[in-house]
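Comments concern the structure below.
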Amino acid sequence: MYDKELTTQIIGYFLWKAGGAMPYLKILKLVYLADRKALLDIGETLTGDAYSAMKLGPAPYYTYNSLKQDKFDSQWLEHKKFDVRLKKEVNSNDPLDTFELLSPIMQSILDSIWDQYGNKRKYDLAKLTHTICPEWEACKDDSIELADILKAEGYTSAQIHATLERVAELNRLKEFSKEMQ
Numbered sequence: 001m002y003d004k005e006l007t008t009q010i011i012g013y014f015l016w017k018a019g020g021a022m023p024y025l026k027i028l029k030l031v032y033l034a035d036r037k038a039l040l041d042i043g044e045t046l047t048g049d050a051y052s053a054m055k056l057g058p059a060p061y062y063t064y065n066s067l068k069q070d071k072f073d074s075q076w077l078e079h080k081k082f083d084v085r086l087k088k089e090v091n092s093n094d095p096l097d098t099f100e101l102l103s104p105i106m107q108s109i110l111d112s113i114w115d116q117y118g119n120k121r122k123y124d125l126a127k128l129t130h131t132i133c134p135e136w137e138a139c140k141d142d143s144i145e146l147a148d149i150l151k152a153e154g155y156t157s158a159q160i161h162a163t164l165e166r167v168a169e170l171n172r173l174k175e176f177s178k179e180m181q
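Position 128 of the sequence shown, counting from 1, maps to 128 under the UniProt record's numbering, and the rest follow consecutively.
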C-alpha cells in the first residue's frame with residue numbers, strides 16, 4: 001500500500017542529506033534502492049510503491065508519477081524542471097524531529113543507501129542500477145514485482161512466499177489503521 005506522506009518525508013530526507021536539492025532521476029533511484037534494501041533487510045518496503053523496469057533502470061512507479069506531475073506536498077517539496085528541492089527546515093541535531101514519520105530503522109536504511117550511493121551522479125547511479133538490480137533485466141514486461149527482487153537475490157520459493165505473506169499482512173494492518181483514523 002503506497003504511502004505518499006511517508007514517501008514525501010523519505011524524499012525530503014535524501015534532499016536534506018544532499019544539501020537541499022537533487023535531480024529527480026537520482027531521487028527515484030535512491031528511493032528504489034532504499035525500498036529494495038528494506039525488503040531484503042526487514043521484509044517490507046518503506047514506501048509501499050509498485051516498481052517499473054524503465055529504460056534508465058528500475059523506478060518506483062507511484063513516486064515517479066507523483067514527481068512527474070508535481071503531486072507531492074508543496075509545504076515539503078518544490079519541483080523545478082528536473083530537480084526537486086526541500087522546502088522544510090530540518091533540525092540537524094535531530095532530523096527525526098522534522099521527518100517524524102521515519103523510524104530509527106528507516107533512518108538507518110536511508111543513511112546506508114545515502115552512504116553507498118549519495119555521491120553518485122544521476123546517470124551513473126541509473127547505470128549502476130542496471131548491474132546491482134538484476135530484477136530490472138529479468139522484467140522485460142515493465143513491471144517489477146517484489147517476488148522478482150527476492151528471486152534475484154537468491155531467495156527460495158518458501159522464503160519468497162513467507163516474505164510476500166508478511167508484506168500482505170502489513171498492508172492489511174496499514175489499511176485497517178487508515179480506516180480507524
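Here a beta-carbon is modelled for each residue, glycine too, at the ideal position from N, C-alpha and C.
Would you say the region 51-60 touches the region 28-39, given that touching needs at least three Cβ pairs under 8 Å?
Because the criterion of three Cβ pairs below 8 Å is met, the region 51-60 and the region 28-39 touch.
Short of 6 Å in beta carbon distance, which residues of its chain neighbour Asp97, apart from the five on each side in sequence? Order them along the chain.
Here residue 97 refers to the residue found at position 97 when the sequence shown is read from its first residue. Beyond the five residues adjoining it in sequence on each side, Asp97 comes within less than 6 Å, by CB distance, of Asn91 in the same chain, given in chain order.
Exposed or buried, which one is Tyr123 when buried takes at least 16 other CB atoms within 10 Å?
On the sequence shown, residue 123 is found 123 positions in, with the first residue counted as 1. Label assigned to Tyr123: exposed.
Three-state secondary structure (DSSP) at Arg172?
What you label residue 172 is simply residue 172 of the sequence shown in a count that begins at 1. It is helical.
Along the chain, which unbroken stretches of the alpha helix (DSSP H) at least 4 residues long are found entirely within the UniProt domain "Antitoxin SocA-like Panacea" (28-136)?
Listed in chain order, the alpha helix (DSSP H) runs fully inside the UniProt domain "Antitoxin SocA-like Panacea" (28-136) are 61-68, 95-98, 104-117 and 122-132, counting runs of at least 4 residues.
Across which residues does DSSP place Ala21 in a beta bridge pair?
Taking the first residue of the sequence shown as 1, we reach residue 21 at position 21. Ala21 pairs with Arg85.
Alpha carbon to alpha carbon, how far is Ala50 from Ile160?
Position 50 of the sequence shown, counting from 1, holds the residue named residue 50. Position 160 of the sequence shown, counting from 1, holds the residue named residue 160. Take the alpha-carbon of Ala50 and the one of Ile160: they are about 17 Å apart.
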